[in-house]
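Each residue of the sequence shown is one higher than the last, beginning at 56 in my numbering.
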Amino acid sequence: MDNIRIAVLSAYDDIRAFLDNEAPEAMHYYNDELHEYLKGAASTYTFSTDAQHPESVQLVEGNKLAFKWRKKDYYFNIVRVVRDEYEVEVEAYSLNLELLNERVDAYKATKAMKFAEYLDVFDFENVLTLNINEVADKAITHEWTGSDTVLARIYSLATVFDAEAEFVPILNNDYSLKKIVMNVYRKNSSTDQGMGRYRQDMVLRYGKEVSGITKTSDITELYTAIRPTGKDGLMITSLNKTENDSAGNVEYQSLAGDGCIRAVQARDRFPSNTSSTDRYSTVDWTYDTDNVNTLYGQALAELKKNCVPQVQYEVEGYFDTDIGDTVTIVDEVYNPPLYLQARVTEQSRSFTDPSQNKTIFDNFKELQSQIDSALMRAMQQLIAENKVYTCSILSNNGIVFKNGEGTTTLNASVMDAGKDMTGSLTIKWYKDGAEIATGKSITVNASDINVKAVYKYDCIDKAGNVRGTCEATVSVVNDGPAGQKGDDAYTLRLSTDSYVFAADSGGNLAKDILVSTAAIGFKGNTPVTPVIGTIPAVNGMTFSVSGATVTITAKKGNALADNGTVEIPVTLAGIACTLTFSYAKAKAGVSGNDAKLCNITGDQVLKYASGSQIPEPRSITLTAEYQNTVHGKWQYKTAAGVWTDFTPAQGSPTLTITEDSEAWTGNTASIRAIDTTSTAIDTTTLAKLRDGTDAVSVHITSVNGFTFKNTGVATTMTVTVIAGETMIDTSAKLREKFGDNAQIIWQCKNVGETEFTPIDKSDPRLSDDGFIFVISPQDVYNKMTLSCSLDY
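Next comes the structure, spelled out in structure tokens:
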């Protein structure tokens, strides 16, 4: 992914700010798109950035954006800005405002003039510097009857000269605009490339660079003869012309007195009817000229375009090309194989999210293979004779028998690029290497299997060649003795198990900060009220207990350590244990340096099914995510309450805990991650739960983790409710299990807040009644604590 440093310039080209995703103090951009077009090599650039950044005030209409990328200069005018409290969206256009907004009047040449002469008339302020001019030898007399912008008039001028115009900004070293160079190329045709390059070095193939090609052919607008009319009723009846193809056969014809140009071969291919002697489909067409030869030439070009089927292609994929480049596209899976030549007419790129890149082609042309057809047939036959087919085994009752009972049918499936070949081949079946049957399917009984057996088939063509093979292992499993019914599991947790206190660069708290956390207990899904014991003193903190709620007060000043834990003794139904609340200070950085933070993510429970001695999952994986620092080590708390390094030391930010880990103290384990400076610390508590059949738990997963770092990419959090042996991941399943009143409740709490705030069900970030929550970096200031619970 490319990091582009973008200069923000004033209307007078003075540097005001920079956007740079690798510079910590600069504005960072995201949701960006550089969209380039063939016409004029024009481009637009859009992006979003943080509205809270002090330099975002420079992103205003009329200011400029400039950057350099891949030896090419880009220069944009900011034309549209959308701003709210959190985000600024910017849209910018290439080229100079004189070209975009200034207008020129009607103009009629008094003589045949060259392109450069017309340019001097329309670009009288000399905004453009003419460089390449491939139509310098042409001189044309033309008239423009209305007014236009300078840019529109230059585009029209290029059309008059059958040319393509390209505008190339050149920047100075300080990002200011040095000049705009204009290149003029002969229009793209069978003999001229026009803008861009003919990329003989690039062949795009289906299955590699190309993910799909769709071809659409249409003859609804097709006609085979044209009757042109010019100024004052001018017709071509005086002409007698015939156009032959490369084989010398008549292709187009206009006989004297006829007044039409007729596509002879197209008529034979697409007759208008079968009974008439004419069989031409004729259209009337007008063109503004008083020259009969010009009228004939323009009408012939129009007929050539419309006497054949109109073919469109859609090519899926992104390719590292430039605007105007011509490439070859090959789809050998297409029937018959498709060879195309196409031109890049639009290109969309994102510097921050390359997965959004897209290439649009036009000017498609089907190419004929230059290989002798007999050789092609021989090659295709050779490929077909040695092709290996895709083989699979399908079963109607699975491939695992339980308790020695049941039967299943194994079916062979042989495919060749979507075509079913099974019926044309001989299928030979084997069991543990011994041939047992011939045919498309076999029946397997549980009684045939002693623990497991490998079934395999070969598919054989008429010549005796094995064209593919597939195997499957069929096994028998037996239930063990029924275990005793387990008691309902006890679940105990804190409503808030960590907090980050905002402090100045010296670690001083500006005021007392209160944080409340509640001990929440369940037996199965029945609430049980925990009893809070005496909390050990922590320097810089005071505690008050009301029922099962603990209010923690971090005192003003710097008495509180940079990080640490509060050990809260709890008794639940006579069972004593300790819950750990961890804290850290987010210090204001000296000279703008960011605070160092740590956050542990991962599951916290090893669950033992009723009567089972094996937990699910078999292990827990914890990941320490850091901000502005790196991982140092992991520690666990011993039964004596001493934090101890793991043996051997765990230097990776990822830690795996199994049921026999040294970290367990009974059924709980307290674990913490520490950075290399011992500044950023986070603590988590793990538990072993021996569940009853009605235990209910709520789990959250996130596709992009729980930490945003210099990115505008959102993450999607998904809720899964596990009720006994039932997994619930949709609102429909939830209502089916718990009734129509069951609901997922989300709450949030930001840094400095002491209470959770409910998130309204109508919040646009929520979908499927809360089972899906999409959250972006703009939703989070430093750190946010989310709570998700089930109410039924």
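Glycine included, every Cβ here is placed at the ideal spot set by N, Cα and C. Note that the coordinates shown come from a computational prediction; the quantities given were computed from them, not determined experimentally.
For N594, the CB contacts under 6 Å within the same chain, skipping 5 residues up- and downstream, are A614 in chain order. Annotation for L350: the continuous alpha helix (DSSP H) segment containing it runs V347 to N361.
Scanning the segment 560–612 from its first residue to its last, the whole beta strand (DSSP E) runs of 3-plus residues come out as 568–578, 581–583, 596–601 and 604–609. Nearest C-alpha to K566 among K610, Q402, T572 and S103: K610.
Spatial neighbours of Y129 in its own chain (CB-CB distance under 6 Å, excluding positions within 5 residues in sequence) are listed in chain order as F122.
In this structure, N348 places its C-beta atom within 9 Å of the C-beta atom of L294. Minimum Cα-Cα distance from N618 among the listed residues S496, Y554, K662 and E146 corresponds to Y554. Distance from the Cα of S842 is smallest, within the candidate group Q802, T812 and F828, for Q802. Around the Cβ of R404, a 10 Å sphere holds 16 or more other Cβ atoms; the residue is buried. Here Y67 is exposed. Its C-beta has fewer than 16 other C-beta atoms within 10 Å.
In this structure, the straight-line span from the alpha carbon of T620 to that of A592 is close to 11 Å.
For V265, there is no enclosing beta strand (DSSP E), since its DSSP letter is neither H nor E. The segment 183–199 and the segment 160–172 touch, with three or more beta-carbon pairs separated by less than 8 Å. Closest by C-alpha distance to T732, out of D513, V685, D715 and L93, is V685.
Scanning C315, S447, N243 and G461 for the CA closest to the CA of Q396 turns up N243. Distance from the CA atom of A467 to the CA atom of I482, rounded to whole angstroms, is 8 Å. In this structure, DSSP gives N156 a helical state, which the three-state scheme calls helix. Within a 10 Å sphere around the beta-carbon of P582 sit fewer than 16 other beta-carbons, which makes this residue exposed. Here F793 carries a helix assignment [DSSP, helix/strand/coil]. Here F73 is bridged, per DSSP, to A62. Here K640 is near A557, since their CB atoms are less than 9 Å apart. The residues V399, in chain order, have a CB closer than 6 Å to that of T376 in the same chain once the five nearest residues on each side in sequence are set aside. Beta-carbon to beta-carbon, V239 and N188 are separated by about 5 Å, close enough to satisfy the 8 Å threshold. Looking at Q705, V697, I736 and K743, the one whose alpha-carbon comes closest to that of W719 is K743. Sorting P813, L741 and C362 by C-alpha distance to the C-alpha of D715 places L741 at the top. The DSSP-derived three-state label of D503 is helix. In terms of CA proximity to D203, L155 leads the group L155, F216, R241 and E180. The continuous stretches of alpha helix (DSSP H) do not include I274, and DSSP gives it neither H nor E. Per the DSSP secondary-structure output, H83 pairs with nothing in a beta bridge.
The C-beta of I225 has fewer than 16 other C-beta atoms within 10 Å across all chains shown, which makes the residue exposed. Checking the DSSP bridge columns, you'll see E808 has no partner listed. Counting along the chain, no alpha helix (DSSP H) covers T279, and no H or E run does either.
Just so you know, the alpha carbons of R334 and F179 end up roughly 55 Å apart. C315 has no beta-bridge partner at all, per DSSP. Listed in chain order, the non-local C-beta contacts of F793 below 6 Å within the same chain comprise Y847, local neighbours out to five positions each way being set aside. For F701, the secondary structure class from DSSP, reduced to helix, strand or coil, is coil.
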